[in-house]
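Everything in the sequence shown is counted per our numbering, starting at 133 for the first residue and increasing by one.
Built from N, CA and C at the ideal position, the CB exists for glycine as well.
Have a look at the structure below, then the notes.
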Amino acid sequence: MTYIDGFVTAVPAANKDAYCAHAREALPIFKEYGAVRMVETWGDDVPDGKVTDLRRAVKAEPGEVVVFSWIEYSDRAARDLANDKLMSDPRLLAIAGSMPFDGKRMIYAGFDVIVDTAPASGSASPETAGYVDGLLIPVPHANRDAYRAVAEDAAALFHDHGAIRLVEAWGSDIPDGTVTDYKRAVRATPEENTVFSWIEWPSKEARDRGWAGMMADERMKNPPENMPFDGKRMIYGGFATLLDA
Numbered sequence: 133m134t135y136i137d138g139f140v141t142a143v144p145a146a147n148k149d150a151y152c153a154h155a156r157e158a159l160p161i162f163k164e165y166g167a168v169r170m171v172e173t174w175g176d177d178v179p180d181g182k183v184t185d186l187r188r189a190v191k192a193e194p195g196e197v198v199v200f201s202w203i204e205y206s207d208r209a210a211r212d213l214a215n216d217k218l219m220s221d222p223r224l225l226a227i228a229g230s231m232p233f234d235g236k237r238m239i240y241a242g243f244d245v246i247v248d249t250a251p252a253s254g255s256a257s258p259e260t261a262g263y264v265d266g267l268l269i270p271v272p273h274a275n276r277d278a279y280r281a282v283a284e285d286a287a288a289l290f291h292d293h294g295a296i297r298l299v300e301a302w303g304s305d306i307p308d309g310t311v312t313d314y315k316r317a318v319r320a321t322p323e324e325n326t327v328f329s330w331i332e333w334p335s336k337e338a339r340d341r342g343w344a345g346m347m348a349d350e351r352m353k354n355p356p357e358n359m360p361f362d363g364k365r366m367i368y369g370g371f372a373t374l375l376d377a
């Protein structure tokens, strides 16, 4: 099953070009060690939340933009092997020494994919994501199966309204951070895990049409009585794609 390394970062708006260059320089190294896809997206529609939000998740300062990104591997073993090699590669160490953002506030973790609506292996390649909705969700460990069932139902709805792909990834290697981390991002309790999720769209226009269509869809008017997570602590935003390779 596909494995994800997921990242959320605060980057100064003035450093957007430098960040793109930084990501493109790192891309071939990650691919060399087994990454099958690397995606970087730039905050475009990141709302403030009442309880928490993506800006607070990375302690973003005025003038900083939230970046939502991930690296896909074929499985956990491939990711672990890649990370072992990456940590000692002098090329990556040199890149890390000149990051155009505050690495201490970047949050990252490894996630097992539990829902993925990408085309099956051997079928036509999916479109490149022009726009992404990124989400972090606190879910009780005991509700993993119930959450997956709700997510699978939602995935069908999103596809009906133009989404390319929906992925739900269950935290399996979430480190504690010094400044912030995924648990603090969604105020997870000891009984909860963090889900890293995203929805890919062909463009922002397609995303806006899709959400408008969903809000009018009769199926959205009868949500499950007991959602398997606390929606007040779910954090999300819309992101324009910088890199998808």
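Presumed contact (8 Å Cβ cut-off) between residue i and residue j, rounded CB distance
i	j	result
V198	V171	Contact doesn't hold; Cβ gap of about 15 Å is too wide.
T173	F200	5 Å
A167	I203	5 Å
T141	R319	That pair is no contact at about 20 Å.
T326	G363	Not a contact, Cβ separation roughly 14 Å.
V282	M359	7 Å
Pair within 7 Å by beta-carbon distance, residue i and residue j
i	j	result
R379	T249	With the chain running from 133 to 377 in the structure shown, residue 379 is simply not present.
I269	M366	yes
F290	I246	no
E323	P272	yes
P232	Y151	yes
M217	Y165	Reading the sequence as shown, one finds Lys at residue 217 and not Met. The answer is yes: Cβ separation under 7 Å.
G175	G369	yes
A377	L159	yes
P144	G181	no
A300	S329	Per the sequence presented here, residue 300 reads as Glu, with Ala not at that position. In this structure, S329 lies closer than 7 Å to E300 by Cβ.
A338	G294	yes
Host alpha helix (DSSP H) of residue i (start-end)
i	result
Y263	Y263 -> not in any alpha helix (DSSP H); beta strand (DSSP E) instead, spanning 263-272.
Y151	148-164
Span of the beta strand (DSSP E), counted from its first residue to its last, around residue i
i	result
I203	196-205
E172	169-177
R319	No beta strand (DSSP E) holds R319; DSSP gives it neither H nor E.
P144	135-144
I246	239-248
Residue i to residue j span [Cα, whole Å]
i	j	result
P251	D137	20 Å
G345	A317	30 Å
Taking one C-beta from the segment 305-322 and one from the segment 181-196 each time, how about it: are there three or more such pairs within less than 8 Å? At 8 Å Cβ cutoff, the stretches touch.
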